[in-house]
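Every position in the sequence shown, counted from 1, becomes a number in UniProt numbering once 2 is added.
Notes follow once the structure below has been shown.
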Amino acid sequence: EIKIQMKNISKVFETEDMETHALKDVNLTIYKGDYVSISGPSGCGKSTLLSLLGLLDMPTSGEYMIEGMDVANLSLDEAAKIRNSKIGFVFQSFNLIDQISVFDNVALPLRYKKDKLSNAEIEQRVNKCLEMVSMTHRAQHKPNQLSGGQQQRIAIARALVAEPAILFVDEATGNLDSSTGDQIMDVLEQLNQNGTTICMVTHESRYADRATTQFRLLDGEILTLPNPPAAKEEPG
Ligand code: ADP
Ligand code: ADP
3 EIKIQMKNIS KVFETEDMET HALKDVNLTI YKGDYVSISG PSGCGKSTLL
53 SLLGLLDMPT SGEYMIEGMD VANLSLDEAA KIRNSKIGFV FQSFNLIDQI
103 SVFDNVALPL RYKKDKLSNA EIEQRVNKCL EMVSMTHRAQ HKPNQLSGGQ
153 QQRIAIARAL VAEPAILFVD EATGNLDSST GDQIMDVLEQ LNQNGTTICM
203 VTHESRYADR ATTQFRLLDG EILTLPNPPA AKEEPG
């Protein structure tokens, strides 16, 4: 089952007398249950690709489908609607609101939904997502009372609460020390093993290598790396 498909996607930025071909004929298919990494050197087009995938920007040309829906030529309003219902996003900066509780942070995407859920359903969904990231015991804390790794877990729960088709993760470990970063990657792998489709952008090859489908961006062009043998097998 195909979740995400880009065909011949190009993005050209025009500034004064300059044209930058940030993405060149990118082809990318992500299937349900995939664990995808996109890596590459600075300036290769990772942020541009992620903002197209996340419907924050539109391509110059090419086709983009999310769950079979054509999303290559949307107005900003339409894009926002589809983003809210189909796409979860986790950033390097956790982007949590310190004035409200962890519970309310995770509930936010549900409270913004057009089809209102009952309070009971919101509570059930928020608690389920907090459980998925092992943070149930911090539901009534404020985000600034938590460590960076805990805040990133909350951000992951918030990204999942609206049950998106896919979770995009942008350098999720960039603000974390390496052992906390490893724990966040473990959380993502666990979510993937339980069925969440994940596409992460990372410049850290040790994380990129753990994905089951690996893409490398080089100067706006995408390469698929051969599947590493037994990528998911734990030692022992
Ligand atoms: P990465 O995230 O891999 O560092 P980017 O996607 O940010 O790469 O950038 C890819 C290329 O597109 C770079 O040459 C960058 O300068 C250019 N670029 C990105 N955004 C813009 C923009 N808004 N206007 C002009 N050029 C841009
Ligand atoms: P950086 O790439 O500078 O490290 P982040 O990874 O935190 O920063 O964020 C990537 C970009 O996506 C930011 O410019 C952020 O403002 C933008 N963004 C804002 N709102 C959303 C949203 N709802 N969904 C996806 N991206 C968003």
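Backbone N, C-alpha and C define an ideal beta-carbon position, used for all residues, glycine too.
Residue i and residue j closer than 8 Å at C-beta
i: lysine 5; j: alanine 122; result: no
i: threonine 199; j: glycine 35; result: yes
i: proline 61; j: serine 12; result: yes
i: valine 163; j: arginine 127; result: yes
i: aspartate 188; j: cysteine 46; result: no
i: leucine 98; j: isoleucine 156; result: yes
i: lysine 48; j: valine 203; result: yes
i: isoleucine 124; j: leucine 112; result: yes
i: isoleucine 40; j: leucine 51; result: yes
C-alpha distance - residue i paired with residue j, whole-angstrom precision
i: tyrosine 114; j: glutamate 165; result: 14 Å
i: alanine 82; j: glycine 197; result: 25 Å
i: alanine 74; j: glycine 64; result: 7 Å
i: methionine 71; j: leucine 219; result: 25 Å
i: histidine 23; j: aspartate 59; result: 15 Å
i: glycine 238; j: asparagine 10; result: With a pLDDT of only 47 at glycine 238, under 50, the local geometry of the prediction cannot be trusted, and no value is derived from it.
i: glutamate 133; j: aspartate 172; result: 22 Å
i: residue 275; j: methionine 137; result: Examination of residue 275 is not possible in this model, given that the chain is present from 3 through 238 alone.
i: phenylalanine 96; j: glutamine 216; result: 25 Å
i: glutamine 94; j: glutamate 18; result: 31 Å
i: alanine 161; j: leucine 178; result: 19 Å
i: leucine 78; j: leucine 190; result: 29 Å
i: proline 228; j: glutamate 69; result: 25 Å
i: tyrosine 66; j: aspartate 27; result: 12 Å
Own chain, CB closer than 6 Å to residue i, minus 5 neighbours either side, in chain order
i: arginine 85; result: Leu57
Bounding residues of the beta strand (DSSP E) (the contiguous stretch that carries residue i)
i: arginine 218; result: 215-220
i: aspartate 27; result: 20-33
i: glutamine 153; result: Glutamine 153 -> not in any beta strand (DSSP E); alpha helix (DSSP H) instead, spanning 150-162.
Residue range of the alpha helix (DSSP H) that includes residue i
i: valine 128; result: 121-134
i: leucine 112; result: 104-113
i: glutamate 80; result: 78-88
i: valine 189; result: 180-195
i: threonine 50; result: 48-55
Spatial neighbours of residue i in its chain, beta-carbon cut-off 7 Å, leaving aside the 5 residues before and after
i: lysine 234; result: Note that lysine 234 scores 49 on pLDDT, short of 50, meaning its location in the model is unreliable; the coordinates nonetheless yield the value given after this. Around lysine 234: Thr214.
Below-8 Å beta-carbon distance, residue i vs any chain D residue
i: alanine 141; result: This model lacks chain D altogether; it includes just one protein chain.
Beta-carbon proximity list for residue i, same chain, < 8 Å, skipping 5 on both sides
i: isoleucine 32; result: Ile4, Lys5, Ile6, Gln7, Val38, Ile168, Thr199, Cys201 and Thr215
| field | Sufficient close CB pairs (3 or more, under 8 Å) joining the segment 178-195 to the segment 144-162 | value | Touching, yes, given that three or more Cβ pairs across the two stretches are closer than 8 Å.
| Three or more beta-carbon pairs under 8 Å between the segment 135-145 and the segment 101-112, yes or no? | Touching, yes.
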